[in-house]
Amino acid sequence: IARGAATTILLIAVTTLAGTFLSILGAAGKRSGPKPLRLAIATYVEVMRNTPFLVQLFFIFFGLPSLGIRLDPILAAMLAMTLNMAAYTIEIVGAGLDAVPRGQTEAALALGLRPRLVFVKVVLPQALKVIYPALTSQIVIMMLESAVVSQIAVRELTYEAD
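Per the working numbering: the sequence shown = residues 7 to 168.
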């Protein structure tokens, strides 16, 4: 059981870090990127949110080898969980970014900060405070979904406990 718990913790840690990073990039791109990028991100979010996680997992683990891409079960699970989490958290992060008053950005730009620095030092910290509860809920959901990865022979906690 200890090895299964360690695998589950690894899956959740990697998924949380990578998914949150991707969601910050995705939310920023969806809010201020060029139109083709915004459309691509919106399509990605809709496709990932409207397909079952098990289908996504099976596509990555069983479908990618037909394209010549073979992944280890744990790596496939991490990738599927990360892509799934990012799709949901892009909207969460986007709502947090929208919650930061526009005046904060304008004031930072007026002080001479570069737009990227304004995002990282002014907007993002305030947005993270707003999204923390929803992001935590999404992490808990990913913990629950981690049990599904046993379908591709990842020996996570519930698989080991059986």
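Beta carbons are placed, not taken as given, at the ideal position from N, Cα and C, and that holds for glycine.
Just so it is clear, the structure is predicted and the values come from calculations on it, not from any experiment.
Throw me the rounded Cβ distance for the residue i and residue j pair, which I believe falls under 8 Å.
i, j, result
"valine 99", "isoleucine 137", "6 Å"
"threonine 95", "threonine 26", "6 Å"
"leucine 63", "glutamine 157", "7 Å"
"phenylalanine 68", "glutamate 151", "Between glutamate 151 and phenylalanine 68 the Cβ distance is about 18 Å, and since that is not below 8 Å, they are no contact."
"proline 79", "alanine 159", "5 Å"
"threonine 88", "alanine 24", "4 Å"
"leucine 81", "leucine 70", "Not really, about 11 Å apart at Cβ, beyond 8 Å."
What does the Cβ neighbour count give for residue i, buried or exposed, with the cut at 16 atoms within 10 Å?
i, result
"threonine 57", "exposed"
"glycine 74", "exposed"
"leucine 45", "exposed"
"valine 51", "buried"
"alanine 11", "exposed"
"glycine 32", "buried"
"lysine 36", "buried"
"leucine 43", "exposed"
"leucine 117", "exposed"
Is the CB-CB distance between residue i and residue j below 8 Å?
i, j, result
"serine 29", "alanine 92", "yes"
"valine 154", "methionine 84", "no"
"valine 126", "alanine 114", "no"
"serine 103", "valine 61", "As written in the sequence, residue 103 is leucine, which differs from the serine given in the question. Cβ distance not < 8 Å, so leucine 103 and valine 61 don't count as in contact."
"methionine 2", "isoleucine 47", "Residue 2 cannot be examined here, being either before or after the span of the chain that is shown, 7 to 168."
"threonine 22", "isoleucine 145", "yes"
_alpha helix (DSSP H) runs contained entirely in the stretch 7-68, provided each spans 4 or more residues_ = As far as the stretch 7-68 is concerned, its whole alpha helix (DSSP H) runs of at least 4 residues are 8-38, 41-55, 59-64.
*Can you list, in chain order, the stretches of the alpha helix (DSSP H) that have 4 or more residues and sit fully within the stretch 70-153?*
Taken in chain order, the unbroken stretches of alpha helix (DSSP H) that lie wholly in the stretch 70-153 and span 4 residues or more are 79-105, 108-116, 121-124, 130-151.
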